[in-house]
Structures are given as structure tokens and as C-alpha cells.
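Notes to accompany the following structure.
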Amino acid sequence: MEAGVCLKIQLLCSLLSTCFFKLILSNQIENNTVLCKYDFRKLSETRLFSIDGKRLETTARAFSDIKTTSSENECVIELKHLNIPRIEIRILIYYFKCSDELTVRLDTTDVETMPRNILYLQFQSCLMSQEDVGKLESLYDLRVLTYFKTIPSSAIWSGSNETDNVNGIDNVVSYSIIGDRNYSSTLPWVLTANKTYPTIAEITLDGIGLTELPDEMRIRFPNLQSLEIPNNKLIEIPKFPYTERTYKLPLGLSRTPFMQNHYADVFGIKVKPNYFRRILNLYGNQITNLPDNCTSGSLQMLSLEENGVVNISDHAFSNMYGLDTLTLANNLLIQIGEKQFSYCNDLQSLNLKFNKISWIHSRAFRHNKNLLKLDLSNNKLVSLEEGIFTALDNMKTLNLEYNQIQNLSCKSLPLSSIKLEEINLRNNNLETLPICFFLIRRLKQVDLSFNQIAMGKVSNLLGLINSSELIHSVVYSASSSVDLFRKPEERRLIDLSYNQIHRLDFSNFTESNRHTMLLILLNFELRFTGNLIECDCHLLPLLDFFITHREKHFDGSEYFYHKWKCDSPSEFKNTPILSLKKEQLYCSEAMPHCPTNCMCYRRLVQKTVIVDCRYRKITVFPLTMPDGKLEVWLQFNNITKLVNRPYLSQITHLNLTKNSITSLNYTVMRNMVNLKQMILDWNLLTTLPKGIQNVQFEVLSINHNHFFCDCTNIWLKKWLQKSRESILNWRRIVCNTVGDKVLDIVVVPNDKFICNNPNDNFKKTLTLGLSLALAILILLVCLFLLIHYWLEIKVILYVYLNIHPFDSNPAKIDDGLEPIDTLIVYSKSLSEWATENIIKNLEKLSFNVLDTNRDLLIGMSFQENMRVAVSRSKYCIIVLSEESIEDPLVQIALSYTYEKTLYGRPTYIILILHNIKRNVVKNKNLKKYLYSGRFIKSTDHMMEKKLLYMLTGRNLYNNHDIPLRRRKSYKEFFPEVLGSANTLNEQKKYDIFISYPDQTYQFATGPLLSTLQSRGYSICLPDRDFVVGSAKEENILRAIKSSVRTLIVITKSHVEDEWQLFTLRTAVQCSLKKPFNYLLCILDGIVDKSKLDLETQAYVTSHVVIDKDDPLLWKKLFRSIPPARTIENSTSAFDSRKS
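Read in order, the letters of the sequence shown correspond to residues 1380 to 2518 in the working numbering.
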């Protein structure tokens, strides 16, 4: 009895002692320790595991940006505010992220215990003692423990006062440390603790500077299934695995399909959903030699990527079995012998990309009959041995891109395979198309782009193809009654883009050739994108072929009707080949009397001779022409008039676009008795001879000339209306009326066609003459002053009398359509002068100014930027200097602005000549504009006043009290690009994906990231958001697909960074499909763009980019992208897939 009472008293005392201890601890936390400051949010809650087929709910919470004001660099988080609803069993994820390295303690007072909630615990830059981790393990079932950028040492983990009731990590099955490669001598506590962990099945020790593993690893982790030690300094393969026994997931768990794909499928590993994978990951170490029996036992995956491996022994893998995936990418292998992989009988995926392999033994893969995927890309293979792949009947994918293969024998491939689906030979040196790609039965895609393949007569290629083998390849049915020419559900792709295919010659087809070609066209897609296909008369047999089979076998919707396109001649560029008519085709031919410096062609169908004298600077009609009917092309020359020539009666088509013809001689035109088509656009015609009404044109075009609406041209209006069927754009032919208004001729009232009457009343003439005679001396004196100082006089009237009587723009300007008051164009060398003398003065007067060297949208091409800027601006100031005349941006501006002056805005351009004389200007259109007098010299002391006179009808110069207009936002300047952000792509996960090389890590993850995030943008960052374990290509493609825009930081070493090149190439392709500035580039330390690779150089020279050191970096960047989108439940930096 006494013993029982004593026992009860002892238990009561123990209980009171425990409560007292907890009370004291609570008071200490409350009174002596600073509470942490942090952002708390929910994370993505994808269901990762199931039990007995029922998917478990996932609850994920993040404590991010944890900070403290304590000088001891320690703070407390109270977990009682979590409000996690009670569920019997779930996956629970806690993620702690500290701003700086910080010790975090936990207060678990009043937190409900849920022992069947499986806990994933993750830390980034945070430290937590064994005692505090034990608190969580006492509340939940802790199974996964991960540290990012933190190495828990024994001192931090154990603490200064170890207690017996702290459980630590006794139930943990997965333990990971992901370091930041800032190697230190600190070893993780888990490697130094004198304890055995039989439950740990997976260990990851990434980037912590290990040179070897402790000898006690086998004893300390007896059931370890997966060992990952990437980015360390190992020089030899550690002995692993430690056990041959497979290990099930605890508690009857199984991975969901999502988790199974992330965990095993992407690596090509076959593992049941309720078992741990067995892998050894040694990515990024320093293992250079693989000796005999370098590792042994059962593994599903072995990764030795990026180690610098030079040599592999013939028996390196002889003691391994069950190996599904072997990765040896990014090493220094130069050849593959006969026996190196002969013991890997179970191998399904072999990755040898990015080595220096130049030779492979013909029997290197004869024992790898289960191989599904073989990657030999980015090596130095020039040729392949016969029979090298013939044993690989189960192979699905063969990647040989970016090698130097010049010839591929069909005897190298498994021709009888019914599993092979994809072959990639992109970027090699192949010169001929291997016919075996048409004969492999299940082959879905062959990428032969960016090779040197040329195609002569197609009949020669078709003659090499055995028709019965082709039928066997494309027809799967064994029935004798099958329709050979049925349309398949899906065509196989043979991608021949960007090769040396210049002709598609279908001549000399036999009946067998036609039969074979039909089978190929119906069952294969032959892609010719980027080939410089010449559309001349050699296409006649091709057109005949498709005309013959159009109704019986084709319906016009097939890919070749819209995807096969011409590159030359220029008038057919990007025109679908099969949209051409036979009458349009012509071929070059040597002919007598062909004019010097011109080219002569013949249309074989119409028997017409084409004389091409375009862009030859011709000033007069050529003296001679070949015999026969003539089409004469004289566009873009300097011809001023028509002259008689003996061949005029032979001309049926005459094109004189963009010459300087001021009038037409009807006597000459009467000699063109066979003339059917005449093009006179963009000349200097002010009228036409009335006799032209007698010419029976089939087509006449006289647009963009300088017709006058006076009494001599009133007949022109009636004739246009009468002959409208033969005159192109007859409604849009314009003339200049009194007051220099530009109107369509057909809408000008008849009474507005006015001329001065030369037969005025004699008395009126005499009176006017006498009046003029009396004032002639005064006028002669004033005339000189008036002419010489005409602009100055107008400006003085404007500045001091506030009147603007001259040069007013007749066109009504819509402020909504043209919100930019002034577009300013100049070369970069004049940036400082233009800013000080023009831009600042205009912006002080509240003009909405768009400066082409400051305000163009990053990521848009110069051409598109300038097109939008011109269309949405009221005036354009162009500063001309000797440098700017040759400046490409100024040239683009001149082409768009001059076009605008011809469509109702003759005063749109204002030229400022800076240290240049008028006679230096060679541009013909620019010269015409200078002669109009609408220019200002930069040395003129009245430059500012003259500029204001030309820009506005209001006197802003002396009126300082006028209210400033509200500045227009860039949304109004570029509404198609900077409209509402939510309309761009509400389904995208991120606003911006930032890609950067290692050299700019500090800038990209520091100022760039923080500045964008401070504006509310959702950012995808590779070092933070890429899925650990997934292929880098997959991560990049996923990031681009998930982001509204891509931002790439380009450095001098860009050409050496394969992933940066891959990202840029992919983003450029993606940007072609976007209606806005999708791809943004920041240049870091690049002075000479010509030293970049050709693809990057092409992009940065044609699009607006920004320099990292630009003082207006942030201003330009945020002007070029819309405001951050509003997205509910935005995902944090943490991604549950990393769990």
C-alpha cells in the first residue's frame, strides 16, 4: 500500500516538475527572446502521396523572409497561430526561409498534436537545434528533413543542453542538404553523430565541398537506397549501395502519378510507386577515371555527369545489375570501345551528350538490347560505323544533333525496328537525304535541320527508294484491299529546315516516281522552312504534278499548299509555292540585245521576255531590247521622261515605279501599241496627257504622284470614274488643292478645280500693272528681306504677337490616336546635344516627347518601335548629321516618316541640320523635303523659337502661366503592348522568367530580382524555382511556357554558355508568336556586339536592348513592361515539387 502511494506521489511530483519546467521555458521565451518577423503564406498543395488508393491532402505553409531585431541573431516563432485544421492523416509541409543566417526557435505551446500528419520540414538559411526539431517531431510524424544553403553542424544541431526527451530525426526517411557551393570545412552533423539511422533511405548532400565519405556510412545508414552527392569534390566513386534489399515507403504510402513522374519517370527509372528508388548521383564532382569494378550492386540510376571523365574501363560496370539509366554527359570522353557498356544489359537510357567523342566501335551497344533512349548529341562524330545501332530494336529515341556527321549509312540504323520513333540529326554536316528515314516503320520524326543537304532532281532520290519497302513502312494493315492513298491520321515529320535546298525539280518523273512521291506526300511532312528555294521555271513540272493529283488525292488543305514557300525572286518571297500560276514563272536566259547591267528572263508558258533593270540608276530608256513581247521592269531608277525607242511596240508591261517622271509624252505612248499594263506609282507627275484616255489599259497605276486639282485636270476626275475597272486604287489617287490640302481627286467638287484666267479684263490688268509699278522699288527691297528672312518673320509674329498665320497643318489631329506630341530621332553620338537643346526645353513646356535613344520599348524590334512611334505621334524631329545619315535607326525613321507625309501630313517632319550642309544629303526624298524649307540649322540662334513655331499653333514660348497638360503614360503611347497586364496572359504562373549566367548571379538575384519583386512582379528564377532533378532543358522550357515574358542577361561569355544559348534560341522562337515585347535582354559588359554568336548578334542588333550600366536602367525597364498582374494565391519561391 505504501509503495503504491509512494509511486503515485513520485508520478505527481514528476508531472508538476514537468509543468513547472515548461512554464519556466515559456516565460523565458516570452520575456527574454525576441519574436521573429516573417511573411506567412500558403503554398501549392499538390497531392503527392496516397494510401490504399486514396490521395492524401497536402497542406503547405511558408514562413518566409524571417528576420529578427535581436543582437544575438536568434528569434522565436509561435506555432499556435498556424490554425491548421485537424485531419487524421495528411502530408504537412513547413518551409522556413530566413533573410540572413539565423537561429530560429519554436514555441509549440497550445499547438494540437497530430501524430499521423506526415511532416516535410524544410529550411533555407535558417538554423534550428535538435531540441526544436524534436518539438515538431513530438507534434507530427517527421519523415523528410531538407536544408537549403545551411549546413547543420553538430554544435548547432545538438545545442548546449541535450535532453533525453528530444527525439531528433529517428523517424526521418529522407535527409537533404542543398548547399550554395561556398564550400566550408564544416561537416553535417548527420555524418559525424555517433548513431545509427536505420530508417533513412535517401540522403542528398549537394554542394557542401565533400572530398570523401566517412568510412562509417555503411554502418550509420544500413538501409540507404539513394545517395546523391552532386557538386562536391569527390575524386572516386564511393562504395554503394550498402544493402541489396529494396525498401518500401513507410506507413503504406504510395506516390501519386504526379509525384511518380517527378521522382522516377523523368529519369527513365522503373520503380514501383510504393518503393524508394535506388540511385547514385555524382553530378559535378571530379571523378576522371572509372576503373574496373568501380561500383557494384543493384542500382537503377548512376549519374556521373560533369565530372571530367576521360577513361572508362571495359569492366567498370561489370558488377552492377538492374541499371536503368546511366548518365555520362558533360565529360571528356573521346571514344567508346567495344566492351565498356557490355555488362549493362538492363540499361534503358544512356546519356553521352556534351563529350568529345569522335569514334564509336561498331559493336559498342550490341548487348544493350533494352536501350530505349540514346543521347550522343554535342560530340565530334564525323561518321558512324555500319551496324552500330542495328542491335537496338527497342530504341525509341536516338539523338545525334550538334555533331559533324557528313554521311549516314542506312546500315548503321535498326531498319527493322518497330519501336524507333525519333531521330535527331540537327546541326550536322549531312549533304544527302538518307532514304532509310522513309522506310523505318514506326518512325515519327526525323530532325535534319541545319545541315548541308542539297536536292537535285527529285526523281533521282525517288529512284533509290524501294516502293514495296515504302508501302510496308506506311501501310500497317495486312489486307490486300487496303487503300494505299488514304490520308493517315498523322503524318510523319522529316524536318529539312535551313539546309541547302534551292530547287524542287520534279522533272523526268516516271510512273513509279509519281506513285512513290504520292505515298511520301500523303504520309510524310517534308518541312523546308529556311531553305532558299528559287521559284523559277524549274517549278513547272512540280505544278503540273500537283494540278494532276489535286482533285483525286489532295484537297488543298495539306501542309505543302501553305508551308512550302519561295525565297526568290523578290516578288515571290514568302509566297506559297503551290499558289503560283505557271504563267508567273520565268527563268534567266542569255539573249542578244539585253541591255547592259540588266538581266533578261523568259516566261516559258507565255513566251514573254522580261527585262529587269531595277535599281540600276538608269536615267533614260535603254537603247536596245531583245526580240519578242517585252515586260520591262525599270523600278527604282532616275528616269525623268519617256523617249522614243524602236522596241516600244513590243512592250506589253511597263513598270516605272519610284522614278522621277514629271510628265508623259503622248506621242511616245502612241508607239506602245501593245501596252496592256503600266505602273507609274511614286513619280512626280502633276498631270496626264488627255490622249491617255484613248489607250486601252488592262491595268494602270498612278498612285503617289503630285497631281494638282486645277482646271486643267478636271477631266482627270471624270476619267478616273469612267475607267475605274482598269485603274488600281482609283479612289485613293490624290491631288493638291489650293491651300496645299491633299484630297482624293474623285471627291473634290468640280468648282474647286480653279485656274487663273489669262484673259482678264484689260483695264483690270492695266490698273494692277500701274499699281505694281508704283510699288516696285519698295517691293524689290522688301522681297530680298522677305525671302531671306521668311521663316524668321513668321517666328517673330508667332512669338511676340501670338499669331500663327502660315504653314498651319490642314489635317485635324486626334490627340487620342496621336498622344505623342513629338518624336525625336537622332544618332547616339548626338545624345547629349539633343537632350540639352531640344528634349529638356520641350518637356519643360509639357510636351509629351518620345526620345528614340531613351524611350523605345525594350524587346521590340527597332522597326516595330519606329512604326508604332510614327503612327502615334503628331510631329517628328529628325536631327541630321554626318553620322546620323548612315545610322540604321535614322534610316528606318526616314522611311516611315516620309510615308506619313504623303498621306495627309505634309508638315509632319521637322529637320534639324547639325554640322552638315544640304548638298551632302543624297537621299532623294529627303532632298525634296529640304527644298521645301522646313528645316532648321542647329547654329541658328532662333532654333528654339522656330521649333516651337513648327510644332504648335499656340504661343507657349512667353506664356508661362498656362497650366501644364497631364503627361501621357506609356500605356497610351504603346497600347497594344502596355495595355492591361491581366489581358496578356492570365493563365501564366509568372510575370517574368529571368535567365542569367553564373557571372551575373549577384546582379540577377540581387538588384534585378529585388527591384522587380518590389513592383509586385512574380519572378521565375532558375536557382530558386527550377525543379531539382529534372533535365535543365525541361526546366527552361517549363519556365518559358509559364512566364508572360523572358528576361535574359547576356555577357561576353554568352557564346560559351550552352544553356544561355538554348534559352535565347527558345525565347526568340516564342517571341515570334507573341504580339508584344516578349523577350527582354540586358547586356552586361558587352562593348563589341560582333563578338557574340550569330544568333544572339542578330537579335541584339535588330531589337532594343539595355545595358546593365545604363543610368536609366530601371526607368527604361519598367516603361517596357506593363504593371504586375494581380494573381490570387501567388506561388512563392518554394515549390512543393522540390520536396
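Each residue gets a CB set at the ideal place from its N, CA and C atoms; glycine is no exception.
Distance between residue j and residue i (C-alpha atoms, nearest Å)
i	j	result
L1606	L1681	10 Å
E2556	V1761	Nothing about residue 2556 can be reported from this structure: the residues present for the chain run from 1380 to 2518 only.
A2213	Y1473	57 Å
R1634	L1566	32 Å
P2502	Y2396	8 Å
K2206	L2259	Inspection of the sequence shows that residue 2206 is occupied by Ser rather than by Lys. Cα to Cα, S2206 sits roughly 8 Å from L2259.
R2498	G2238	11 Å
I2288	G2070	38 Å
L2224	Y2308	27 Å
T1529	I1582	15 Å
K1401	L1518	Only weak support is given to the placement of K1401: the predicted model assigns it a pLDDT of 40, under 50, and the value that follows is read from those uncertain coordinates. Each residue's Cα considered, the two are about 16 Å apart.
V2126	Y2045	27 Å
F1696	R1745	16 Å
N1808	H2032	45 Å
Y1781	Q1879	17 Å
I2500	D2463	20 Å
K2495	L2236	8 Å
T2425	C1992	46 Å
F1619	G1676	7 Å
I2157	R2313	28 Å
Outcome for residue i when other beta-carbon atoms lying within 10 angstroms are tallied against a minimum of 16
i	result
N2108	exposed
L2268	buried
N1902	buried
Q1509	buried
L2002	exposed
A2272	buried
T1704	buried
S2028	exposed
S2150	exposed
Q2448	exposed
R2504	buried
S2081	Reading the sequence as shown, one finds Ile at residue 2081 and not Ser. That one is buried.
A2383	buried
I1656	Correcting the residue type first, residue 1656 is Arg in the shown sequence and not Ile. Its Cβ being crowded by 16 or more others within 10 Å, R1656 is buried.
P2342	Because P2342 carries a pLDDT of 39, less than 50, the predicted location of this residue cannot be relied on, and the following value inherits that uncertainty. Flag for P2342 reads exposed.
T1447	buried
E1480	exposed
P1974	buried
Residue interval of the beta strand (DSSP E) (run including residue i)
i	result
W2012	2009 to 2012
A1441	1437 to 1446
F1428	1428 to 1430
L2290	2288 to 2292
S2080	2078 to 2080
R1420	1416 to 1421
S2374	2369 to 2374
I2461	2458 to 2462
Beta bridge counterpart(s) of residue i as assigned by DSSP
i	result
E1801	T1776, Q1824
H2482	S2240
N1690	N1668
L1726	Answer is none; L1726 lacks a bridge partner.
N2115	F2087, V2121
Q1501	Y1474, T1525
Y1554	L1524, I1582
S1967	Y1980
I2256	I2203, I2289
Extent of the continuous alpha helix (DSSP H) run through residue i
i	result
E1595	Counting along the chain, E1595 falls outside any alpha helix (DSSP H), and DSSP gives it neither H nor E.
V2300	Element bounds for V2300: n/a, residue is neither H nor E.
K2219	2219 to 2223
E1904	Counting along the chain, E1904 falls outside any alpha helix (DSSP H), though it belongs to the beta strand (DSSP E) covering 1903 to 1906.
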